[in-house]
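As structure tokens, the structure follows; a few thoughts come after it.
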Amino acid sequence: MSSLIARTRFSVLDRSRTREGHTHAEALRDTVRLARELEDLGYHRFWVSEHHGVPGVAGSAPTVLAAAVAAATRTIRVGTGGVMLPNHRPLVVAEQFGVLESLFPGRIDMGLGRSVGFTDGVRKALGRDKGDAEDFEGQLAELLGWFRGTSPTGVRARPAEGLTVPPFVLAMGEGAAIAARAGLPMVIGDLRDREKLRRGVDQYRALFRPSPWASEPYVVVSGTVAVAATPEEARRILVPEAWSMAYARTHGSFPPLPPAERVESLAMTAKERGFYESGLTGQIAGTEEQVADELERVLKETGAQEVLVTTSTHDRAALLDSYRRLASIVGGRAHRPARAR
């Protein structure tokens, strides 16, 4: 293991992806079970996501799911990747994280994004529109103010006020500049477009202003990482998500993850094949040695302090094996016996 990889934190975001032949409830339970497994493997944090009205994603209430994950684990940090702030009132978000931090002190992270609903119908159901994302910077300032007791309303956010819940900004669109101006840690992806990734990181560091939350820039790079005994097996881990993304782009609906063997037998249109192949290229996937080399390259290019792995696949055994192999690369406890379930 290189000294660069050894100095880097490795964490996981699980989107509670549904799988063909399995229920939404199973997807949520799989997320909680995975968090326990990854805690045993020595990962630094475990985050959950927010999606509304998406057929292939069960994770629609990240703070609720984070509470379940934190209750099922002991030491791993737990958070959101992220709460989509334009969908919510900042006071309510502050209260939710205040409750989480009060129940699980010193373990909660507050990852925040600026996306609104996936479709016009979802945005309408949420009472939001695309323009709500334009005020993300103001919403962010309001949210942080509830923790510091600086709201001009005279209202106090209880139990959030006075608590320190580390905030992170998901750098989508203008997110890098917003994170820098607010003086907050930044999460940026994806790993497939390295030039865009470097530009975002450079912009963030150039514009960063120290704040009570962070005295210097902190960069988390996020993306898919798949590790297996052979390159072919690692590629198969990527297949279900690549097909779901291709289907979404050609049909407008994001489906549950299919088994890799079914995808590989499908007859695809030229357009579907193009999106599918694009989803398989540029990811970090391969054997332990190949993945270690690629991770070191990414870390040298970005100077990131942390890697947030976002892999999803149909085969849960293959996914857990990938995380075990990755833990062995980064110095985790990959061969420690799993706790009885």
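The C-terminal residue of the sequence shown carries number 561 in our numbering, and the numbering is unbroken. Beta carbons: idealized from backbone N, C-alpha and C, even for Gly.
E516 versus V336: straight-line alpha-carbon distance, rounded: 34 Å
Rounded distance between the beta-carbons of L285 and V268, thought under 8 Å: 5 Å
Whole-Å CB distance - R456 paired with A487, under 8 Å assumed: Contact flag wrong, Cβ pair sits at about 19 Å.
N- and C-terminal bounds of the beta strand (DSSP E) containing R545: Careful: R545 lies outside any beta strand (DSSP E), inside the alpha helix (DSSP H) at R536 to V550.
Collapsed DSSP secondary structure at M406 in the structure displayed: strand
When K344, R425 and T507 are compared against L452, the one with the closest alpha-carbon: The sequence given here places Glu at residue 452; Leu does not occur at that position. The residue with the shortest Cα to Cα distance from E452 is T507.
Range covered by the beta strand (DSSP E) that runs through T300: R297 to T300
Per-residue DSSP class, three states only, for V252: helix
For T251 and H471, the rounded distance between their alpha carbons: 27 Å
Nearest neighbour of G494, chosen from S464, R239 and E362 [CA to CA]: S464
Secondary structure of R239, DSSP reduced to three states: strand
Residue environment, T228, which counts as buried when at least 16 other CB atoms sit within 10 Å: buried
Whole-angstrom C-beta distance between V385 and F356, which should lie under 8 Å: About 18 Å separates the two Cβ atoms, so there is no contact after all.
Candidates S473, Y467 and R256: closest to A292 by CA position: R256
S542, buried or exposed, once every other Cβ within 10 Å from all chains shown has been counted against 16: buried
Every unbroken alpha helix (DSSP H) inside the stretch 446-494 [4 residues or more]: 451-471 and 480-484
6 Å Cβ shell around E240 - same chain, five flanking residues per side excluded: P476 and P478
Residues that V440 bridges to, as DSSP identifies them: V407 and E526
For D234, the residue or residues it bridges with in DSSP: V268
According to DSSP, residues forming a beta bridge with A505: A446
Stretch pair the stretch 314-321 + the stretch 388-407: three plus CB contacts closer than 8 Å: no
Paired residues, beta bridge with E398 - DSSP: For clarity, residue 398 is Ile in the given sequence; the question names Glu instead. The partner list for I398 (beta bridge, DSSP) is empty, contrary to what the question assumes.
Residue burial classification, P557 (beta-carbon count within 10 angstroms, cutoff 16): For P557, the pLDDT reaches just 34, beneath the cut-off of 50, and the residue's location in the model is therefore unreliable, leaving the point undetermined.
Contacts around A461, its chain only, beta-carbon distance under 6 Å, and the 5 residues preceding and following it disregarded: According to the sequence displayed, residue 461 carries Glu and not Ala. Cβ neighbours of E461 beyond the five flanking positions: S532.
N-terminal and C-terminal residue of the alpha helix (DSSP H) that P387 is part of: Taken as a continuous stretch (DSSP letters only), P387 belongs to no alpha helix (DSSP H), being part of the beta strand (DSSP E) at P387 to L390.
Option nearest S371 by Cα separation, candidates A288, P310 and S431: P310
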